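Numbering (the working numbering), first residue to last: 5 to 595.
Where is the CB? At the ideal position from N, CA and C, for every residue including glycine.
The model shown is predicted, which means the values in this text are computed figures rather than measured ones.
Below: one structure, written as structure tokens.
Printed below as a string of structure tokens:
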């Protein structure tokens, strides 16, 4: 028997885990030492230490507590539907028979999940008796045959036989402790060097070593599964799980989500999965998916070897077995398989019902608006709005001719030019560049979106100078926009104010509104001249008594029919400088 390579030795990984805990304990000790030193300085009345303690004592205590908590946490229970002892006697008997034949520890629970996968989770260690939980994905039960499921279970039990779960659990706990520590320290300020240095050097070594060991363990478990079933069945199962997982993610769930436009409620996805599985009788995508998976290679941080490597280790050629006539779920669970699908459907539908209904209602409103536009006169603006709705509902190919029609109807329509340019750039068509530039020349409000499009287009083609030019222009626009927004939302004594221009009727409305508010002692009205944005909004400054000053300001705004641009400012003690500036504007005092 050949000795495992050094980088795949589980003992070396165990030593690496121990090293990680030594680092963690050292970091906690360092934090605790800082706190103890500061406490000593306070108690010993050391002036310099006491001053430092006043500033960093509390943060140090908080960081120390967070570092200690990072070492102690409870792993979450596996999510899914747990099968009661009497729910699936045939499935339980299969698992128990395999465990006895392999000399594996007893599996105490079976939990059905939503993933196209299976795994064994051990809880209760390192201080208690390990308890094994077998996680079986519902898609696995709906797609695999009984023989193929037996290979899956044998593979997972092999991990228990060789205590792979115990070591994997330690690696997981170590990695999670480091991540929790890094997050806790980062949230409370700068990361100290005695945390940053081991984090940067230790965690990558742990990731690489644990991945190498995990890949060796997977190949070992594949061989044991083949010994307790047969190599051909095990190879077929590996290929089917990899292809089935891709079909689930790329075909099944997208098809389910596509119903959101037409169905007001989420469908019964797991009932459909139970009925049809993820494979169809004439699925032409399966061979290409298998070829793609076989062409992939194992990366250094992969926890599983690539499919080609696993099949080569089994000595079996790659193929996809024919669809099974009766799934393992039907054969081993019987009527419980239907109720299991219903349980998973209830949980899934409850979780996504809110977003599903909101999206469906949004689509319904868009369709109604689109129908109204199609029945109305085809103006440039109406055609442009119709194009935006068609793009959202049906895609860019149908929308592009409508955007072109809007621009033909109004050659000055900047948003239509920008939309055409965006779609052309997305299609890698250089003709979109002048259209985006044309839109920016027509409407400065489109600067941010247009510059971002052109920057990305040029950067993707390696035109760094052009990309930098548009990036600089976008940055300037963002700065101007931020300054204009800040100017509009904040009234300052440094602003320039001039007399208001309200006519007698409008001014009378304001004064009537003020007269109905006995709490208002003074009122000033002026126009604010903006530096970074257009417009000349009014400012109404009020001196009011009582705790309900904000409510007074809201009532005056509504009763006086002041526009949205008018800022109503309460001139309390903090705003005395602003009050003096407003009082100095000719004709500003109106109450």
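- Nearest Cα to residue 92 within the set 337, 163 and 22: 337.
- Pairing residue 322 with residue 396 gives a Cβ-Cβ distance that is not under 8 angstroms.
- Secondary structure in the stretch 391-448: the alpha helix (DSSP H) runs of 4 residues or longer, each lying completely within the stretch, are 400-413, 418-430 and 436-446 in chain order.
- One thing to note: residue 574 has its Cβ no nearer than 8 angstroms to the Cβ of residue 582.
- Put simply, of 493, 303 and 222 the residue whose alpha carbon is nearest the alpha carbon of residue 163 is 222.
- Counting C-beta pairs closer than 8 angstroms gives three or more between the stretch 148-157 and the stretch 225-244, which meets the contact rule.
- Annotation for residue 87: no alpha helix (DSSP H) segment contains it, and DSSP assigns it neither H nor E.
- Within the same chain, and ignoring the five residues on either side of residue 347 in sequence, the residues whose Cβ sits closer than 7 angstroms to its Cβ are 85.
- In this structure, residue 548 sits away from residue 585, with a CB-CB distance that is not shorter than 8 angstroms.
- Here residue 570 carries a coil assignment [DSSP, helix/strand/coil].
- Its Cα nearest to that of residue 241, the residue 144 stands out among 32, 532, 144 and 506.
- In the DSSP assignment, residue 245 falls within the alpha helix (DSSP H) that extends over 235-251.
- In this structure, DSSP gives residue 542 an extended state, which the three-state scheme calls strand.
- For residue 141, the enclosing beta strand (DSSP E) stretches over residues 135-141.
- Taking 4 residues as the shortest admissible run, the stretch 472-532 contains the following complete alpha helix (DSSP H) segments, listed from N- to C-terminal end: 508-519.
- Under the 8 angstroms Cβ criterion, the stretch 290-301 does not count as touching the stretch 377-392, having fewer than three qualifying pairs.
- Its chain contains 21 and 24 as the residues whose beta carbon lies nearer than 6 angstroms to that of residue 178, once the 5 sequence neighbours on both sides are disregarded; these appear in chain order.
- Within the same chain, 260, 349 and 352 come within 7 angstroms of residue 273 by CB-CB distance, once the 5 residues on both sides are set aside.
- Distance between residue 505 and residue 496, taken at the CA atoms: about 20 angstroms.
- Taking the C-beta atoms as reference points, residue 526 is found nearer than 8 angstroms to residue 595.
- If you draw a straight line from the Cα of residue 377 to the Cα of residue 454, it comes to about 27 angstroms.
- Taking a C-beta distance under 8 angstroms as the contact criterion, residue 106 and residue 161 qualify as a contact pair.
- Comparing alpha carbon positions, the residue from 277, 283 and 520 closest to residue 247 is 283.
- Note that the C-beta distance between residue 557 and residue 543 is not below 8 angstroms.
- A distance below 6 angstroms between beta-carbons, with the five flanking residues on each side excluded, links residue 591 to the following residues of its chain, in chain order: 503.
- In this structure, DSSP gives residue 117 an extended state, which the three-state scheme calls strand.
- Out of 137, 451 and 339, the CA that lies nearest to the CA of residue 111 is found in 137.
- A distance below 7 angstroms between beta-carbons, with the five flanking residues on each side excluded, links residue 579 to the following residues of its chain, in chain order: 573.
- The Cβ-Cβ distance between residue 520 and residue 531 does not fall below 8 angstroms.
- In the three-state reduction of the DSSP assignment, residue 593 falls in the strand class.
- Going by DSSP, residue 464 is part of the alpha helix (DSSP H) stretching over 451-464.
- Residue environment: residue 309 is assigned as buried (16 or more neighbouring CB atoms within 10 Å of its CB, all protein chains considered).
- Within the stretch 328-400, the runs of alpha helix (DSSP H) at least 4 residues long that lie entirely inside it are, in chain order, 332-337, 339-379 and 384-398.
- Residue 300 sits in coil when the DSSP states are folded into three classes, being neither helix nor strand.
- Counting along the chain, residue 576 sits inside no alpha helix (DSSP H), nor does DSSP assign it H or E at all.
- Burial state of residue 319 is exposed, judged by a 10 Å Cβ sphere holding fewer than 16 other Cβ atoms.
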